[in-house]
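Heads up: the protein sequence lines correspond to chains Z and X, in order.
In this text, residue positions in the first sequence follow our numbering: the first is 1, and each later residue adds one.
In this text, residue positions in the second sequence follow our numbering: the first is 1001, and each later residue adds one.
Glycine included, C-beta positions come from ideal geometry on N, C-alpha and C.
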Amino acid sequence: MIEERFDAIVVGAGMAGNAAALTLARKGLKVLQLERGEYSGSKNVQGAILYSDMLEKLIPDFREDAPLERHLVEQRFWMMDDNSHTGLHYRSDEFNEERPNRYTIIRAQFDKWFSKKVQEAGAVVLCETTVLELLQDAYGKVIGVRTDRKNGQVGADVVVLAEGVSGLLGTRAGLRKTPDKSNVALAVKEMHFLPQETLEARFNLRGDEGAVIEAVGTISQGMTGMGFIYTNKESISLGIGCLVADFEKTGQTPYGLLEKFKQHPSVAALIAGSEVKEYAAHLIPEGGFKAIPQLFGDGWVVVGDAAQLNNAIHREGSNLAMTSGRIAAEAIFQIKSRRDPMTKENLALYKKMLDESFVMKDLKKYRDMPDLLHIQAQNFFLTYPQLVSKAMTNFLRVDGTTKREKEKTTFRSFLAARSLTGLVGDAFRLARAWR
Amino acid sequence: MSAEAAVRVEDKLYLNRYLVDAGRAHIKVRPHTTPSPQLLSLVNVCPAHCYEMNSTGQVEITTDGCVECGTCRIIAEPSGDIEWNYPRGGYGVLFKFG
Ligand SMILES: Cc1cc2nc3c(=O)[nH]c(=O)nc-3n(C[C@H](O)[C@H](O)[C@H](O)COP(=O)(O)OP(=O)(O)OC[C@H]3O[C@@H](n4cnc5c(N)ncnc54)[C@H](O)[C@@H]3O)c2cc1C
Ligand code: SF4
Chain Z
1 MIEERFDAIV VGAGMAGNAA ALTLARKGLK VLQLERGEYS GSKNVQGAIL
51 YSDMLEKLIP DFREDAPLER HLVEQRFWMM DDNSHTGLHY RSDEFNEERP
101 NRYTIIRAQF DKWFSKKVQE AGAVVLCETT VLELLQDAYG KVIGVRTDRK
151 NGQVGADVVV LAEGVSGLLG TRAGLRKTPD KSNVALAVKE MHFLPQETLE
201 ARFNLRGDEG AVIEAVGTIS QGMTGMGFIY TNKESISLGI GCLVADFEKT
251 GQTPYGLLEK FKQHPSVAAL IAGSEVKEYA AHLIPEGGFK AIPQLFGDGW
301 VVVGDAAQLN NAIHREGSNL AMTSGRIAAE AIFQIKSRRD PMTKENLALY
351 KKMLDESFVM KDLKKYRDMP DLLHIQAQNF FLTYPQLVSK AMTNFLRVDG
401 TTKREKEKTT FRSFLAARSL TGLVGDAFRL ARAWR
Chain X
1001 MSAEAAVRVE DKLYLNRYLV DAGRAHIKVR PHTTPSPQLL SLVNVCPAHC
1051 YEMNSTGQVE ITTDGCVECG TCRIIAEPSG DIEWNYPRGG YGVLFKFG
């Protein structure tokens, strides 16, 4: 394929790979980036919310030409039962700032733009190339990759594995285990197109303002899961995701769940009359801190979703991917500048730098959340939403029952469903995991 | 799963762009007489409904509509029921939006 040797090979042109390749190329390293899709983004699926801060660290003036959809001014959390939702809405005009903090994006388009920046920085970007395996020497040191191109072997001092959540190469080479089915969620989503004015009227938006709805409750049929509705310029990204282990156990179909979510009375009106233009599915790492594998070794580092760096509680993944990609590249550059070899010992610098960043600190903070939500799925995703809905109807309906009696009814319904120790225990466990 | 739902997912897949690598399925099901519970679960879990039970009780795969999510690999590769690879570079699903 290519006779030359490279300082670094980056596998994958998603958020993590693009951040790594851009940083390495800018520092003057000879970089080859390999992507199996037709172009960067053609295989990638996200909600998608982009967090400005982490992109600014790579491309400070990204607002000038990046394909951004809307900046977010409103966040809605919904707790749903079959006919209702109880919502918490936060909207602030302060989000209409000069340099907004969160935007919606469309990944296929965004990644294409990001990849152009990588190419401009001098990296060799080769798409339509699937990497089949890592090349290792007799001591297990990674020395390059084998691709599906003709004579498809290429060598490099270090390989940056930015291959996404499935992480086929790393798992095949025995660098880490295949993610466990209780540590990954499967999300399905659709793109619903609407005339811009209709969309803005339905979501109460002006200009480039955007809104986000994240929903839990009976929509996931007792599984650990979440629905989402994100506003783009003239489309809505709508989807739902649940743990793979829960899908396997319940036998629910992902598209069946998606249809039900769309038919919910609180959702149906928002998408009425839309034209659906795409159906996609993707995995999301959900295991948090405890699921993070070995991050470096002789001749390799792993970044982004492949390293399971995803904060499921806050729906953050891309920013952790971009940050880990950038930090890995900075560590590699430091080692290279010292003319040191890319050994496991030296590449430990990447982990050290990552530990000091928000990536590891945030994931550590929530280390007990995944277990809690997965083991108690029935309570958090089915029982409580139903109870809250009942409590709200009871509270709002004016029917001659005294207020004291209404309070009693609500309290009794909670007790009947969860018992006092159950309720207190859940509150305690949630508070502790959140701490 | 009802036949109705199967029809609906095909309507969804029809919206997508694919470059099918004819004759080179990237996922293969190991020959079997009775499917394991893991393999059987894929009939419902696969978001593109690529897995289907045939008339003699074996689970078969048609990869044309696969969206390459990797879910079946997580469930059924450890049990040895399937062999999972990415399509060749450039082939497979091509997301316009993602
Ligand atoms: C439905 C959904 C909603 C989400 N919402 C949000 C959100 O709102 N905000 C947020 O921050 N995060 C969100 N995430 C998470 C976010 O999408 C991921 O964390 C992020 O994409 C990870 O980036 P990555 O570069 O590690 O992996 P990816 O973006 O998956 O990139 C991996 C790349 O590697 C390529 N590749 C893999 N293997 C090979 C190979 N062998 N050869 C060649 N190329 C290969 C792939 O084609 C792909 O381009 C969401 C995810 C999903 C699924
Ligand atoms: S990768 Fe996903 S879409 Fe493809 S066959 Fe497996 S489960 Fe179905």
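_Restricting to Cα atoms, I'd like to know which of Z:162, Z:195, Z:7 is closest to residue 27 of chain Z._
Walking along the first sequence from the start, residue 27 of chain Z turns up at place 27. The candidate whose alpha carbon is nearest that of residue 27 of chain Z is Z:7.
*For residue 106 of chain Z and chain X, any beta-carbon pair shorter than 9 Å?*
Mapped onto the first sequence, residue 106 of chain Z falls at position 106. With 9 Å as the cut-off, residue 106 of chain Z counts as an interface residue toward chain X.
*asked:* Rounding to the nearest angstrom, what Cα-Cα distance links residue 1002 of chain X and residue 251 of chain Z in this structure?
replied: Position 2 of the second sequence holds residue 1002 of chain X. Position 251 of the first sequence holds residue 251 of chain Z. Reliability of the predicted coordinates at residue 1002 of chain X is poor, the pLDDT of 48 falling under 50, and the value obtained from them is presented with this limitation in mind. For residue 1002 of chain X and residue 251 of chain Z, the distance between alpha carbons rounds to 12 Å.
_Near-chain Z residues of the segment 1065-1080 of chain X - C-beta to any C-beta below 9 Å_ = 1067, 1068, 1069, 1070, 1071, 1073, 1074, 1075, 1077, 1078
*Does the distance from the CB of residue 11 of chain Z to the CB of residue 159 of chain Z come in under 9 Å?*
Position 11 of the first sequence, counting from 1, holds the residue named residue 11 of chain Z. Position 159 of the first sequence, counting from 1, holds the residue named residue 159 of chain Z. In contact: residue 11 of chain Z and residue 159 of chain Z (Cβ atoms closer than 9 Å).
_Burial state of residue 355 of chain Z (16 or more Cβ within 10 Å)_ = In the first sequence, counting from the first residue as 1, residue 355 of chain Z sits at position 355. Burial call: exposed.
*Does ligand 1 have even one heavy atom less than 8 Å from the beta-carbon of residue 1099 of chain X?*
Look at the range of chain X in this structure, 1001 to 1098, and you will see that residue 1099 of chain X is not part of it.
*Please report the residue range of the alpha helix (DSSP H) in which residue 147 of chain Z lies.*
Working through the first sequence from its first residue, we reach residue 147 of chain Z at position 147. Premise fails: residue 147 of chain Z lies in the beta strand (DSSP E), 142-147, not in any alpha helix (DSSP H).
*State yes or no: is the beta carbon of residue 181 of chain Z nearer than 9 Å to at least one beta carbon in chain X?*
Position 181 of the first sequence holds residue 181 of chain Z. Yes - at least one Cβ of chain X is within 9 Å of the one on residue 181 of chain Z.
*By the 10 Å Cβ neighbour count, where 16 or more other Cβ atoms means buried, how is residue 1004 of chain X classified, buried or exposed?*
Position 4 of the second sequence, counting from 1, holds the residue named residue 1004 of chain X. Caution is warranted here: a pLDDT of 48 is assigned to residue 1004 of chain X, below 50, making its placement in the model unreliable, and the coordinate value is therefore given only provisionally. Answer is exposed; the Cβ neighbour count stays below 16.
*asked:* Taking contact to mean 3 or more Cβ pairs, one atom from each stretch, closer than 8 Å, check whether the segment 215-227 of chain Z and the segment 57-67 of chain Z are in contact.
replied: no
_If you measure between the beta carbons of residue 242 of chain Z and residue 185 of chain Z, is that distance less than 9 Å?_
Within the first sequence, the letter at position 242 stands for residue 242 of chain Z. Within the first sequence, the letter at position 185 stands for residue 185 of chain Z. For residue 242 of chain Z and residue 185 of chain Z, yes; Cβs fall inside 9 Å.
*Between the segment 1024-1037 of chain X and chain Z, which residues of the former have a C-beta closer than 9 Å to a C-beta of the latter?*
1037
*Buried or exposed for residue 137 of chain Z, please, with buried defined as at least 16 other CB atoms from any protein chain shown within 10 angstroms of its CB.*
Start at 1 with the first residue of the first sequence, and residue 137 of chain Z comes out as number 137. With fewer than 16 Cβ atoms within 10 Å of its Cβ, residue 137 of chain Z is classed as exposed.
*asked:* So residue 437 of chain Z and residue 409 of chain Z are supposed to be a Cβ contact under 8 Å. How far apart are they, rounded?
replied: A query on residue 437 of chain Z cannot be resolved here, the shown segment of chain Z reaching from 1 to 435 and no further.
*Please check if any C-beta of chain Z sits within less than 9 Å of the C-beta of residue 1059 of chain X.*
Taking the second sequence and counting its residues from 1, one reaches residue 1059 of chain X at position 59. Not closer than 9 Å to any Cβ of chain Z, the Cβ of residue 1059 of chain X fails to qualify, so no.
*Run down chain Z in chain order and give the residues with a C-beta less than 8 Å from the C-beta of residue 1022 of chain X.*
Looking up residue 1022 of chain X in the second sequence gives position 22. Neighbours of residue 1022 of chain X on chain Z: none; closest Cβ ~16 Å, over 8 Å.
*Contact set between the segment 264-296 of chain Z and chain X, restricted to residues whose Cβ is under 8 Å from the partner*: 276, 277, 278, 279, 280, 281, 282, 283
*According to the neighbour-count rule (16 or more other Cβ atoms, all chains shown, within 10 Å of its Cβ), is residue 232 of chain Z buried or exposed?*
As a position in the first sequence, residue 232 of chain Z is number 232, starting the count at 1. It is buried - the Cβ of residue 232 of chain Z has at least 16 other Cβ atoms within 10 Å.
_Distance cut-off 8 Å: residue 1067 of chain X Cβ against heavy atoms of ligand 2_ = For the purposes of this step, residue 1067 of chain X is taken as residue 67 along the second sequence, with counting starting at 1. Checking the Cβ of residue 1067 of chain X against ligand 2 gives yes.
*Going along the chain, which residues of the segment 245-260 of chain Z sit with their C-beta nearer than 8 Å to a C-beta in chain X?*
247, 248, 251, 252, 253, 254, 255, 256, 259
*asked:* Within the continuous alpha helix (DSSP H) that includes residue 337 of chain Z, where are the two ends?
replied: In the first sequence, residue 337 of chain Z corresponds to position 337, counting from 1. Note, residue 337 of chain Z: alpha helix (DSSP H), 318-337.
*Between residue 35 of chain Z and the rest of its own chain, which residues show a CB-CB distance below 6 Å, the 5 nearest in sequence each way excluded?*
To locate residue 35 of chain Z, count along the first sequence from 1; it is residue 35. The answer, listed in chain order, is 13, 127.
*Any idea what DSSP makes of residue 17 of chain Z, helix, strand or coil?*
By one-based count along the first sequence, residue 17 of chain Z stands at place 17. DSSP places residue 17 of chain Z in helix when its eight states are reduced to three.
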